[in-house]
Each structure stands twice: as C-alpha cells, then as structure tokens.
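Chains as they are written, first to last, in the numbering used here: chain A, 249 to 500; chain B, 249 to 500; chain C, 249 to 500; chain D, 249 to 500; chain E, 249 to 500; chain F, 249 to 500.
There are 6 protein chains.
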Amino acid sequence: MTSADQTTASGAPRHDGRAPDQLRPVSITRNWLDHAEGSVLVEFGRTRVLCAASVTEGVPRWRKGSGLGWVTAEYAMLPRATHDRSDRESVKGRIGGRTHEISRLIGRAVRAVVDYKALGENTIVLDCDVLQADGGTRTAAITGAYVALEDAVAWLKERGSVKARQEVLTGSVCAVSVGIVDGRPLLDLCYEEDVRAETDMNVVCTGDGRFVEVQGTAEGAPFDRKELGALLDLAEQGCVDLTALQRKALGR
Amino acid sequence: MTSADQTTASGAPRHDGRAPDQLRPVSITRNWLDHAEGSVLVEFGRTRVLCAASVTEGVPRWRKGSGLGWVTAEYAMLPRATHDRSDRESVKGRIGGRTHEISRLIGRAVRAVVDYKALGENTIVLDCDVLQADGGTRTAAITGAYVALEDAVAWLKERGSVKARQEVLTGSVCAVSVGIVDGRPLLDLCYEEDVRAETDMNVVCTGDGRFVEVQGTAEGAPFDRKELGALLDLAEQGCVDLTALQRKALGR
Amino acid sequence: MTSADQTTASGAPRHDGRAPDQLRPVSITRNWLDHAEGSVLVEFGRTRVLCAASVTEGVPRWRKGSGLGWVTAEYAMLPRATHDRSDRESVKGRIGGRTHEISRLIGRAVRAVVDYKALGENTIVLDCDVLQADGGTRTAAITGAYVALEDAVAWLKERGSVKARQEVLTGSVCAVSVGIVDGRPLLDLCYEEDVRAETDMNVVCTGDGRFVEVQGTAEGAPFDRKELGALLDLAEQGCVDLTALQRKALGR
Amino acid sequence: MTSADQTTASGAPRHDGRAPDQLRPVSITRNWLDHAEGSVLVEFGRTRVLCAASVTEGVPRWRKGSGLGWVTAEYAMLPRATHDRSDRESVKGRIGGRTHEISRLIGRAVRAVVDYKALGENTIVLDCDVLQADGGTRTAAITGAYVALEDAVAWLKERGSVKARQEVLTGSVCAVSVGIVDGRPLLDLCYEEDVRAETDMNVVCTGDGRFVEVQGTAEGAPFDRKELGALLDLAEQGCVDLTALQRKALGR
Amino acid sequence: MTSADQTTASGAPRHDGRAPDQLRPVSITRNWLDHAEGSVLVEFGRTRVLCAASVTEGVPRWRKGSGLGWVTAEYAMLPRATHDRSDRESVKGRIGGRTHEISRLIGRAVRAVVDYKALGENTIVLDCDVLQADGGTRTAAITGAYVALEDAVAWLKERGSVKARQEVLTGSVCAVSVGIVDGRPLLDLCYEEDVRAETDMNVVCTGDGRFVEVQGTAEGAPFDRKELGALLDLAEQGCVDLTALQRKALGR
Amino acid sequence: MTSADQTTASGAPRHDGRAPDQLRPVSITRNWLDHAEGSVLVEFGRTRVLCAASVTEGVPRWRKGSGLGWVTAEYAMLPRATHDRSDRESVKGRIGGRTHEISRLIGRAVRAVVDYKALGENTIVLDCDVLQADGGTRTAAITGAYVALEDAVAWLKERGSVKARQEVLTGSVCAVSVGIVDGRPLLDLCYEEDVRAETDMNVVCTGDGRFVEVQGTAEGAPFDRKELGALLDLAEQGCVDLTALQRKALGR
C-alpha cells in the first residue's frame, strides 16, 4: 500500500509516518458479538466502530406483500468516543443532523449492492456504533457494515430463509475519506488531518471500482476540477485496498 | 442557454421541451417580504422557495468576543409543497434527517463566501421555506439565499453596522442539480426526472467557477469516472448561467 | 366600505388613512399552488396567508365506517413572517399554545359549514401558513381557508367522489378582528393597532350573518356591555364585506 | 339564586333540578394545602379543582429590572378526572392544545386584576389541577385561582415583601359557563349539558360586572345576536353570584 | 401502635412526638372520586396521595388472546405538592427518572398479588397522584393503590366481568419507609427525617408478612448487616399495622 | 471461588457448570479507550460493559463556589447488546424508565465512596455502555465504573488538579446480583437464570463489606426473611471476590 514515489514527490511524510496514499492500519474482526446475526469490529487506526447486523423476518408496513426485503442503517457515537465527552442524543431527546446524515449515507451505501428480491421479505438493520473516533468514522462504518451484512446473509441462507444459490449481494461496498491538507491530497484522514483539511471528501465505491457516493466539501477555499481529480484518484486506490482487506476478512 | 447540438446528439427533447443542458425558467424576485433585511422568492420552474435573511446584532455564545460574525441556514417545506401532503415536522415534534441535511448544506454553501471578520459580530439567519416543490429545492434555495444574503449585507452597510468598503462577501455562490436519466446526463432535474434518475448530483459553485460542494449519489447502478465527468461539465455550465441570473437580479 | 359619518364622529383617520369601519385592501388569489386540490393566497393589507386544502380519501381511524367526512386545519407562521425572526416550532420540538389555539379555532370555524354526510368518508386538511404577519392572521386564514375549501369540494365533485348535487357546504364562513384602540372601536386591526388595543375581539360569521365564534379579550381595562355591542356591530358589517369579496373571488 | 319565574317560563327544570339561571352548589375551601402560599379547593357541583398559588422572589429574565411582577397560570387534569381515563400529557411528552388554551385563558383572566407595579419583582404561579371534571373546569379554575391569589398576596404582605397598603389586586375576577341547550339558555353547564349544547360560552367578569373575556362557540347551528344577548345576561348574573361567594370565602 | 419501651430505650421522642416504631396518623378514604372504578385518598400524616383505579376491557396488544389481565401504575406529583414548586413534567416534555422509578415500583408491588388468569383480559391502571408530599409518598401510594384495586375488582365482579367466586387478588400489599436518622432506626419517615437519614429503606410487604420489595440505600455512610436487620424489623411491624388499617378501611 | 460443599448440598450444578456461589469469569481491562481519563472494559461472562470516566474542570451551576466536586453516571445499551435488537432511545426521543433507574443506581453507588471536598470543583462523568448483555449489566457496570473512577482520580493527581496526598476515594465499591432460581439461592445470575428467578436482588458493597444499596424484588412468590438472609450471604461473599479482582486489576 505504500507509495515511495508520491512521498518523495510531495515532501515530508505525514505525522504518523504514512505516505499520502496510504491507509491507516485496518483491522476487521468478525463475530465480535454473540447475539447478532453478523457483527464486525472495524478499526481504521484508532477509529473503532462496532457494526452489528440484525435480521428480522418481515418488512416495514409500507413494503409488506411486495416480496422485497429491506436494509437500513443507524449510526451513533458513544459519548466518550471523542476527545471531549459529548452529550448523549438519548438524553438530549433528539438526534443531531450529523447523526441523521451519516445514518442515511451508510444506508444508501449498503443498499447499493442489495438485491431486494433475492433477500425476500426480510429486514436487516445495520447498527454502526463508534466506540472511539479518530477521523473517518463513517467510512470505517460502511466498510465494516458490508462485512457484517455478508455474515447476516450467510446466516439467512444457513437457516434456509433465503435460498443458498440466491445472490442477495450484487457486489461489495467500502468507503474511504480523502482530503487536501496543506495543499497536498491525502488518503484516509485521521482527526488531526481532518480538522486542518481545506477540502474533505468521502467516497463510497463498489468492489469493481465504480462510485456509489461522492461527497466533497470545501472547508476552506473552494476547489477546482483538477484537485477534485487528484482526490478521486486517491480514493479509488484506497477502495481497491479496502476491498482486498474485506475479502481477506471474509476468507476469500 | 439552449444547446441545439447536444439535443440532437442525445435524441429526444425532455418532456418539457428543454435541451439536456438547459435550466428551467429561473426567476429571482427580491424584497418579497416587508420585514426581512433581505428576501427573495426564487423559482426554478415550478419549484418555488422563499428565502429570508434575518440580521441580528451579536453572535451565539460560543463565538462571543471573537470579533467574528456568523451565518446559518434553515430549510423547511410547507406541508402541501409536494404532490401529496406531508406531516408538519413541528407536529411530529422532530426534524427529519433530510431537513437537517439540507439545512446544513445550505449553511456550508453560503458560509463559503463569507468573510466573518468583515461581517463583525453580527448573525445572519437564512430561512429557506419551500412553498412548492418540483425537484431541485435545495439548489434553488442556495441560489436564492445568496441573493438575500447580499441584500442583508447591504442593509448592514446602510445602517453603518458594517463599513461600506468592507467586502463581507468574497464571491457569489449558486447551485444546480444534474443527473443521469435514461442513460443521458441532464441539467436541473424536475421532480419527474429526479425520481427516474440513476445518478443524482448536487453541485455548489462559486461565481468564479470553483466547487464548494459536490454530492453525487447512485440511486440505481453505480456510476463510473466518465459519467461523473459528464455530470460535472453540465453542472459547471449551469452554474455559469445561474451566476449571470443572480448578477442580473442584483442589478449588476 | 368607507363610512364618512363615523370617521367624522370619531375624529382623526387611522394611521393608514382608513375609516374606523373599513377593512384593509383584501385580495384573494385562488390556485396559487399547482399541487393542492384548493389553494388561496389571501391578503388583508400586508398580512399574507397561504391556505392549501388537501384532500385524502378515507377518514381518521376513530371515524371509519361512519359514512361521515372530516375537516381539520393547521396554522403556522414562517419564522420571518414577523418583524423579528421567531424560532421554528419544528426546531423547538413543540408547538406553542398560540399555534395550537389558532389551529383549533380555524378548524371549528370551517367545520361549522360542513355537512359531513354529504362529504362522505373523505378528509380535507386546511393548511394556513402565514407568509407575512401584520395583524389579523387568524381571521385572514379563516377567510381564505373557506375559499380553498370550496375549491377542494369542487375538485371532489369533478372527480365524482362526491355527487355534483350534494351540498357539502351549508353556507360560507369568514372572520374579522375588531378592537378598541384609544377608546375608539376599529375594524380589522393591523399589527400596530393590535398591540395598542385595550380590547381585542375576533369574530367568525357565516355568510348569512350569524355567529360561529366570538372571542373578546380585555388586554387593558375590562370592557362593558355597550362596548361589546359596538364591537359586534363593526364585526358584523366587516363580515358582510368579506362575504361579498369571497363570493366575487369564487366568481359568483 | 333560584329563579322560580324563569323556570316556569322555560318549562321543565334541569335534570339536576336547577333553574336555568342557577349555579350548581359552589364550595370554596381555602388553605387546602400546607405548603402553598395560597391554595383553594373549588367545587362547582361535582367539578373539583385544586388551585395552588406559588410565590417566588424575582421575575422571568425578560422582565428583570423592570420593577414589575409577573403572574402566570398552568391548568392540567388528573388522568382519571374524567369519565374515561385519559393519557397523561407527561407520558405523551407534549401538552395538548386544549390544555395550552385553558392555561392561557386563566393567566389572562387573573392578570386582568393585577397591578404589576404594586406586586414588585415577585412571581406568582397559579396551578389549577382538575381532580374531578363535570363541566366548567376552566371557569371553576379561574374562580378559585383568584381566591388563592388573594391569599398569596396577603402572604407577601405579611412577610413585608409587599407594602401592606399597596393595592396589588385592582378588583376580583370570576368566571362561569353558559350555553344554549335544547334551545334554552342555561347557566353553569354540567358535563351532560355541555355535550348537548348548541352554543357554549365562557365569560370572565370582574367583581364590578365588566368583561375580561367572552368566548362563545357555536357547537351546532350558528347563533344570532339575540341569543348572544340572552347568554350574556345569564353570565352577568352568574358572575354576580360567584363574586359574592368569593367575598364570603375571603371573610368579607 | 405506640411502643413505650422502645421510646425509652432510644431516648428523645421524634420531633412530632412519635415513638421510633410508630406510624404517622394514617387515613384511607375510599370513593373519593365519582367516576373511577376504585379511588382512595390515602394520608400518611401530611402526605396525601389520590389513588384512582381505572378499569378497561381488553389488554395491551402484546397480551391479547392470552386470557390474562394486566395491571399497571403511574405515579406523579402535582407541582405544588412540595415545599417549593417544581416544574410540570408535561411542560418539560419528559418524565424524570424518579417518577419512572416509582411508577415501576408501584406496578411491581400491586402486581405481586394479582392472579392475571382470574382477572381475565381486563386492564386496571392505578394512578397515584401526590397532592401533598411530606415523605413516604411511594409507600403511601402503594398502600392506597391496593385498596383502590380491591374496589376495582369488586366493581368488575358486580358487573359480572369477573366471576364472583374468583380470587383475583391472592393477598394484600402495603409499604412503609424506614431509615436510620441520627444513628436511630425509625419507622415511616416524614420529609424532615428523610433528608437527614443516613440510610433510607422502602419495604413492600404482603398481608401475610412476606417481602415483595426491599430497597435500601446508604445516603451517608454504608450500613452493615445488623443495621439492615433492625430496619427490616421495624418495617415488618409497620406493615402489620398498615395491613390492619387497610382491612379496616375495606370493612373487614 | 468454587464451593464444592454447597454444590453438593444444593444438587445439580448450574447450566454453565458453576457452583451456586461462584461468579462467572470476570475480566477487567483498563485503558480500553485512548481519549478517556479512565476507561475499563468489564466482562462478567458474556456481559460486556464499557465504562468511561470523563473529567471536566468545574461543576454544575447549582454547585458552583461550594468547593465540592461532582460525580454522575449514565447507563445505556447498544441496540444489539441483547438477543433481539431493541430500538435506540435516541431514536425514540426519550429515555426509558429502566435506563434512568440504572443510571441513578450507578451514580449513587460510586458517589458513596467519593469525598467531594478532596475532589475539589471537578466533575467526573461515568458512562457505562453495555456492548453485550447476558444478565448483571448494572452490577458489572458499577464494578467497572469504580476502576475507571480510580484511574480518572489518578489522572487528576498526575496533572496536579488534585493534591497527590488527598484521599478522594474513601474506599472501593462493587456490585453483584443474586437470586432464587428453582428454589435455590444463586450468585451472579446470567440472563437465562435471571428470567427464571423467583426473587432477584442487586447488592452494592464497599470493599470493607458494608452495604451501599440492597434492592430485592420478588418476581414470582414473595420471599421471607430467611431467604433474604441466604441471598445477602451469597452477595457478601461475591463482593469480597469482586473487590479482590478490582484490586488486582489496579495492580494492588
């Protein structure tokens, strides 16, 4: 994953010694929970997200009788996942905009590879709870949630709720953040880099290298078409690496 | 704004007769309200958004004493803006994820061109209320909110709260949606096109053609780098047209 | 509508030149929205309320199988309808007492002329959203909502959901405010008069001149029976004028 | 309080034997609570409302430094005050429109006789909790709240927080319901009469016979000016009787 | 109920003259409400709780078709039950932890003596509303709720909804508080004693002297096994006395 | 920790092979998080609770200027901690009674050993998030929270915010559940045992063997004094074992 050339080209290594196009150490631990039909503890460096896939028979009321399944996601953060403690959303009595937004993003990302017909009238909820945050929690969550989803689908097949030959998942999905920090495009930003980034982008890709979601935001100065291109190059490569790690974790 | 060539190239005209790279009729009516410091009724075809800029002296507590101003935005929809009536968020007692997400997007978009130091310790709230929705409500909101913001800044200068020579706004900002519908990249989707789009993208640009925000989502099949490029081309041109319309509305 | 005698009798004209028993310029614009089954932009001077009637088949659960229809109303104000911006009730997470109270009043007012049996098991929701407030928002809302209701009933008849000969509406309904300002009874108070009123009364009348609702409140000194009588006289006349304007708007 | 003539004139006595212009047995018990600065258990027949006046030094933030006091009221109903149990508003997490409306009415009623300057920067909250409901809970609440307010003011004077010679209360206030039932105007409706009333009116009067609030609603057919007059006659007389009972309870 | 010996042994009498093992004057008034199927005003000294039992046919959804009944309880406090006024939970929009906890305790306590099968598919809700608080509100509530429950069951039998010979209640239940104050174990603490208690315990017993619930908390120093024993002794005796008072109130 | 005698005495071993007075395997992992001032992952068998101690300078408003510190706790469960997924309290918009109750219990438990004066005006929040639940989550949370609290106090001392010689903690605290299952008193119930328990008790002890909290509930038949004694015996011994494990984890 290292890239000696680029490091040379763009000068000093990152504060943790990574090359600009290098992911943090990624770890994907399956079956971290005993009760969930699929569960993954995913780590991108110090970012640690617990992804649990819960299967229930049946679908929400508005989808009943359609023969189609449903997949949804919920993202949340423990109060002390961050440097300073944040108040619980359950205590505040309302979910913040950021939480909503990321839950919706994860849901769209994983749904992009689900064949609802093959899933049948089953619902899978993907809970992504951030135990520790150090940048990239939403991309780690998507990357881990996909693996938990695979295990939940396997569970459905073992139980015979879905036919073994059905391809419920039409591909894999993963995500990574990229950004421009001090004028330099970097892959997989940690918190320290994230707060300093002029432009910040989250990219969700399928295993075959196409885009499911591209979300770029100028935090400082607006960015031009060329910078956008450089970020997309980095993100595409990062997703190739993450796809390989997902496959390895799944024993393929 | 029309593009005879492209229409030819890509076959049939759109259901409302537009060329693929053609905006809907855009109307920007300033001073639609009597009380607000800036107000704009912006129309993108049948989409109609009322943008009100409210100025208050002072800033939120966390920013007091910094010498810096603050700009924020709130987006909402009247219950019968849509084809079918939707329940009021005030009645439901909570704001939906979509509302939160769009409010945050509008806020980031307009803040990209604000010089907080020049604004001084004043707060401007931009309320974007959708009176009628026919696709592209968030992009119309951003385009109108910028014009209302200009008027609010002018009001501050007239009153002497901000020095007349200060450049509070470092540029202009506008936004447009693009998408791939039936395999064809289209500019400024109306509702009917939006629900059929395979890929849907919202692009926020500054008046000098750089990106503030790029949000692309695969609604159907994932999209590749080439399709992404075609959509960005369309969006850049649409924003050039919208910038011209904003300038005209502001009498420049 | 003017009343030279009374103006003479009670001295100086009002700050906007009106006679004591004179309505502000009233405008009733039908079909202001494209999607709603009935919609009216009603203006009482600078007060501007958008009234949308939404029809749905069926009735709430507690009324199912009764053969009777249902009509209800919701009132709300855009945050910058007023001189100073007010916080959104959706953001606060709860609806204020004033909003509740006015929604209930509008609902009772329009229900007074509905024959539920003739309506059949259909529901009509009347959304009254104040775009700009300058006193009398609730009375403008009732006056406009009735016209939107007429159009929604016509829509039901065109579609054949209600028989063309059925009289769903047993009459018309409109409303006006009256008050005692500087010891003088005045019709249709604007905001400036409203805040100075010693007594403030909202009166809802049917087109044939009977009362649906009378709500009088002493804001300053209590009022006596004679003052009450003078206010009712003014209100009755105002409602005669408003009824004529409603009929004209409906093309009768 | 009985009126043999009217009973004769209007035919059959009411189901509880009362004349049309006769109040139910009214009982006003002071000092029903040990902790509150003023407290009254007021009964209008089977309607039973506990009114507690709580004094705190100081006023809400928006009134600080004005030298003026503040008086407010909150109305609520125990879940089993009614024939069928109703859900608690604390459990539902929101206050219903009816509760809000009545709380606001009680507040306006008692404030009509308060001299804020004489009260000084003290706040009095009047809690009116309905222990049992049989029609007329809001009018009983106002009638009792006034007496509790008197005791709270006396408490302030005893403590020396308000000068003994200050007239904090400029008069007394009470309230009664009237309505047209089976075509006949009746005073002080119990629940059974209330649900059958074609027109329902709540009237708040000062001790010297002027109006603080008049709220008349057509529940069935609209009402005309003559009927309105008959109801006001009844209400005025009922308030004379209630004022006498309040005076007696206060030992005057 | 007095115990001269113990008073002697432990020195000075309590501030209200009671012996350490003496209950406050207890009063149980049945049928305090006209509408409820069972209702009791229970007083432990100045603590006054209104307990209303509401019967409805049927059970919650999750229990339908089981043939079993359901009993639940809700506890609340009027805002001026306490020395200082507290805000209404309905106004705050959420129920506090203490309220929840006590509601759950009362529910468990009364359910301990209910035979759901004998009750059949009926639901009884026990509303315990504290009108005045002077310590021991939860124990008074349980003691009163049981008596109201008895009356509600009798009502069901009279109506024939439950067979007369069925034993719906397998026993009686009551509760009392005990605590260590100034090193001395005391029965039935009033507020003044409660705030000074080092250890505070609530004990729920059946009429035959067994425990349904024991909740002891060290407010100051932790307590040892011997102190725990002394408190349980006191509580057991207190419950014997309360059981006798319940029986007497029920005419047994 | 095993007790061959008792196993023999009370017949068959437990389904997981434990003796009646045997704890599940307990694991206490310190510093599980990088950001928190103290953090512990505590495991009682398959029950897994993450306890994070967050230090902030200063105290809540009501305690300012007192010179005293403050310690509080919040308990929550991840949605898929349990066998079946439960809805998030943040999504429901309100915290359930059980959550409130356990948060309050943990807070009281740890506060029992805090010397607020020695802590000075610092606040420590103890977040106890259940990652996986298999019975005894509240007792595991208390046991782990104490260790995290120790580490947070050490952090304060290292930073010099508290003097090194100050004894902020007056002792240690831990907790365990006991219950009667199939007539047999058992220590440290797992979920399967917990649902079958006739009586269920949670006991919080200090390291020197005194009680901070005793909460016993009859789930089935009421329990007598002798059974209570047997449960307390078990709990006392369990707490001795847990205290030793806490000391070991802290390297004492």
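Glycine included, C-beta positions come from ideal geometry on N, C-alpha and C.
(message) Run through chain E and tell me which residues come within less than 9 Å of F/Asp472, C-beta to C-beta.
(response) In chain order: Gly457, Arg458 and Phe459.
(message) Can you pull out the residues from the region 348-363 of chain E whose beta carbon lies closer than 8 Å to at least one beta carbon of chain F?
(response) Here the close residues are His348, Glu349, Ser351, Arg352, Arg356 and Ala360.
(message) For chain B, check one thing: does any of its Cβ atoms lie closer than 8 Å to the Cβ of A/Gly383?
(response) Under the Cβ distance rule, A/Gly383 does not count among the residues neighbouring chain B, no pair being separated by less than 8 Å.
(message) Less than 8 Å between the beta carbons of B/Val416 and B/Val401, yes or no?
(response) A contact, by the Cβ cut-off of 8 Å.
(message) What residue range does the beta strand (DSSP E) around C/Val401 cover?
(response) Premise fails: C/Val401 lies in the alpha helix (DSSP H), Thr385 to Glu406, not in any beta strand (DSSP E).
(request) With DSSP collapsed to three states, give me the class of F/Cys422. (result) For F/Cys422, the secondary structure class from DSSP, reduced to helix, strand or coil, is strand.
(message) Quick check on DSSP: helix, strand or coil for D/Gln414?
(response) In this structure, D/Gln414 counts as coil in the three-state DSSP scheme.
(message) Assuming B/Val421 and B/Ala360 are in contact, meaning their beta carbons sit under 8 Å apart, how far apart are those beta carbons, in whole angstroms?
(response) Contact flag correct, Cβ pair sits at about 6 Å.
(request) Check the Cβ-Cβ distances between D/Leu316 and every residue of chain C, and say whether any is below 8 Å. (result) No, D/Leu316 does not count as interfacial toward chain C.
(request) Excluding the 5 residues preceding and the 5 following E/Val288 in the sequence, name in chain order all residues of the same chain whose CB lies nearer than 7 Å to its CB. (result) Within the same chain, Ile276, Thr277, Arg278, Trp280, Cys299, Gly392, Val395 and Ala396 come within 7 Å of E/Val288 by CB-CB distance, once the 5 residues on both sides are set aside.
(request) Mark A/Arg272 as exposed unless 16 or more other C-beta atoms lie within 10 angstroms of its C-beta, in which case mark it buried. (result) It is buried - the Cβ of A/Arg272 has at least 16 other Cβ atoms within 10 Å.
(request) Grab the span of the alpha helix (DSSP H) containing D/Arg432 for me, first residue to last. (result) Annotation: D/Arg432 is outside any alpha helix (DSSP H); the continuous beta strand (DSSP E) that includes it extends over Arg432 to Leu435.
(request) Would you kindly work out how many angstroms separate the C-alpha atoms of C/Thr255 and C/Thr447, rounded to a whole number? (result) Low per-residue confidence applies at C/Thr255: pLDDT is 41, beneath 50, and the placement is therefore not dependable enough to give any value.
(message) So, under 8 Å CB-CB, E/Glu225 and E/Ala497 are touching, yes? Tell me the CB distance rounded to an integer number of Å.
(response) The requested residue 225 of chain E does not occur in the structure, where chain E is confined to residues 249 to 500.
(request) Measure the alpha-carbon distance for E/Leu480 versus F/Asp382 and round it to whole angstroms. (result) Those two C-alpha atoms are separated by around 31 Å.
(message) Taking CB distances under 8 Å as the criterion, tell me whether B/Gln270 reaches chain C.
(response) Judged by the 8 Å Cβ criterion, B/Gln270 is not in contact with chain C.
(request) Using three-state DSSP, classify B/Gln485 as helix, strand or coil. (result) Reduced to three states, the DSSP call for B/Gln485 is helix.
(request) Compare the C-beta of B/Pro327 with all C-beta atoms of chain C and state if any pair is closer than 8 Å. (result) With 8 Å as the cut-off, B/Pro327 counts as an interface residue toward chain C.
(message) Can you pull the chain A neighbours of F/Gly341, defined as C-beta to C-beta under 9 Å?
(response) The answer, in chain order, is Ser338, Gly341, Arg342 and Ile343.
(request) Determine the burial state of D/Arg309: buried for a count of at least 16 other Cβ atoms within 10 Å of its Cβ, exposed for fewer. (result) When all chains shown are included, D/Arg309 counts as exposed.
(request) Along the beta strand (DSSP E) that carries D/Gly286, what are the first and last residues, could you check? (result) It spans Gly286 to Phe292 - the beta strand (DSSP E) in which D/Gly286 sits, taken as one unbroken run.
(request) Could you tell me if C/Gly455 is buried or exposed, where buried requires 16 or more neighbouring beta carbons within 10 angstroms of its beta carbon? (result) Buried, since its Cβ has 16 or more Cβ neighbours within 10 Å.
(message) Can you tell me whether D/His348 is buried or exposed? The criterion is at least 16 other CB atoms within 10 Å of its CB, across all chains shown.
(response) Buried, since its Cβ has 16 or more Cβ neighbours within 10 Å.
(request) Would you please state the rounded distance, in angstroms, between the beta carbons of B/Val358 and B/Leu374? I believe it to be under 8 Å. (result) 6 Å between Cβ atoms; contact.
(request) Report the three-state DSSP secondary structure of F/Pro261 (helix, strand or coil). (result) Assignment of F/Pro261 by DSSP, reduced to helix, strand and coil, places it in the coil class.
(message) Judging by CA-CA distance, which residue of F/Asp442, F/Ala388 and F/Val460 is the nearest neighbour of F/Gly419?
(response) Distance from the Cα of F/Gly419 is smallest, within the candidate group F/Asp442, F/Ala388 and F/Val460, for F/Val460.
(message) Would A/Asp277 pass as an interface residue toward chain F - the criterion being a Cβ-Cβ separation below 8 Å?
(response) A small fix is needed here, since residue 277 of chain A is Thr in this sequence, not Asp. Not one chain F Cβ lies under 8 Å of A/Thr277.
(message) I need the boundaries of the beta strand (DSSP E) containing A/Arg356, first residue and last residue.
(response) Per DSSP, A/Arg356 is not a residue of any beta strand (DSSP E); the alpha helix (DSSP H) it occupies stretches across Gly345 to Arg359.
(message) Given this structure, state the Cα-to-Cα distance separating E/Cys426 from E/Glu440, to the nearest angstrom.
(response) Per the sequence presented here, residue 426 of chain E reads as Val, with Cys not at that position. Cα to Cα, the separation comes out at about 13 Å.
(request) Take every Cβ of the region 406-416 of chain D, pair it with every Cβ of the region 364-372 of chain D, and state whether three or more of those distances are shorter than 8 Å. (result) The region 406-416 of chain D is in contact with the region 364-372 of chain D.
(request) Note down, in chain order, every chain D residue with its Cβ under 7 Å from the Cβ of E/Arg333. (result) The contacting residues are Ser302 and Val373.
(message) According to DSSP, D/Ala321 sits in a beta bridge with which residue or residues?
(response) For D/Ala321, which the question treats as bridged, DSSP gives the partners D/Leu374.
(request) Use the C-beta contact count for B/Val297: other C-beta atoms within 10 angstroms, 16 or more gives buried, fewer gives exposed. (result) So B/Val297 ends up on the buried side.
(request) Evaluate B/Glu475 with the Cβ neighbour count: other Cβ atoms within 10 Å of its Cβ, from every protein chain shown; 16 or more gives buried, anything less gives exposed. (result) Under this definition B/Glu475 is a buried residue.
(message) With the cut-off set at 8 Å, would you say C/Ala423 and C/Thr387 are in Cβ contact?
(response) Less than 8 Å separates the beta-carbon of C/Ala423 from that of C/Thr387.
(request) Kindly indicate which three-state DSSP category A/Ser338 falls into: helix, strand or coil? (result) In the structure shown, the three-state DSSP call for A/Ser338 is helix.
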